[in-house]
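In what follows, a structure is listed as structure tokens, so that the remarks can point back to it.
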Amino acid sequence: MSITANLAIGVFSIGFAFAAAAQTAKDVKGATPLVAIPNEPPAKLVVDPPVPEQLALGRVFIQYRTENVRILPVFGNAALSVSPRVGHLHYYVDGQSWPIVDTSGETVVLVGLKPGPHTVKLELADATHKPISGASQVVEFSVPQK
8 MSITANLAIG VFSIGFAFAA AAQTAKDVKG ATPLVAIPNE PPAKLVVDPP VPEQLALGRV
68 FIQYRTENVR ILPVFGNAAL SVSPRVGHLH YYVDGQSWPI VDTSGETVVL VGLKPGPHTV
128 KLELADATHK PISGASQVVE FSVPQK
């Protein structure tokens with residue numbers, strides 16, 4: 008489908024052709040989560056550095072996204088066979104030995120950290136809390152003095 012517009016300016020006529028290229032729902036949202044994906048590609052974790060404006064205020068906002076895994080509050084052995092893959096996020100602040108478990112899929116927010124350097128390890132985990140190989144990142148930052 009195309010839309011044509013003619014614009015007359017004095018004695019000149021200019022024609023513009025606009026091609027209407029509608030994107031499908033699959034183009035925008037990806038494959039439906041209701042159909043199994045054969046040979047799923049590996050899960051991937053993409054992590055941004057803390058939001059600078061918030062870090063300057065002593066708040067740590069770490070945005071992340073995933074590929075080939077949906078973050079959901081689903082746990083247990085039966086969930087290991089779900090396709091497309093489901094999992095959740097574990098994160099460790101300053102080398103703590105136990106993870107904080109997050110199933111929201113939203114920005115990680117940390118407040119109350121003392122001024123100075125800090126490290127946060129983020130990792131994707133499957134429904135049984137086993138870390139997904141190759142899907143972790145470490146973020147280093149410094150909380151400024153107030």
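Under my numbering, the letters of the sequence shown match residues 8 to 153, in that order. Positions of the beta carbon are idealized from the N, C-alpha and C atoms, including for glycine. Here the structure is a predicted model, which means the values were calculated and not measured.
Subject >> the segment 47–56 contacting the segment 66–81, beta-carbon criterion three pairs below 8 Å >> reply: Output reads yes: the segment 66–81 touches the segment 47–56.
Subject >> For residue 114 and residue 61, the rounded distance between their alpha carbons >> reply: One-based indexing of the sequence shown puts residue 61 at position 54. One-based indexing of the sequence shown puts residue 114 at position 107. Their Cα atoms are separated by approximately 12 Å.
Original post:
Can you tell me the Cα-Cα spacing of residue 66 and residue 135, whole angstroms?
Top reply: On the sequence shown, residue 66 is found 59 positions in, with the first residue counted as 1. On the sequence shown, residue 135 is found 128 positions in, with the first residue counted as 1. Between residue 66 and residue 135, the C-alpha separation is close to 31 Å.
Original post:
Between the C-alpha atoms of residue 99 and residue 119, what's the straight-line distance to the nearest angstrom?
Top reply: Locating residue 99 in the sequence shown gives position 92, counting from the first residue. Locating residue 119 in the sequence shown gives position 112, counting from the first residue. Rounded to whole angstroms, the separation of the alpha carbons of residue 119 and residue 99 is 15 Å.
**OP:** Round the Cβ separation of residue 97 and residue 108 to the nearest angstrom and send it over; I've been treating them as touching at under 8 Å.
**Re:** The residue labelled residue 97 in the question sits at position 90 within the sequence shown. The residue labelled residue 108 in the question sits at position 101 within the sequence shown. That pair is a contact at about 6 Å.
**OP:** Answer with buried or exposed for residue 41, where buried requires no fewer than 16 other C-beta atoms within 10 angstroms of its C-beta.
**Re:** Mapped onto the sequence shown, residue 41 falls at position 34. Here residue 41 is exposed, its C-beta having fewer than 16 other C-beta atoms within 10 Å.
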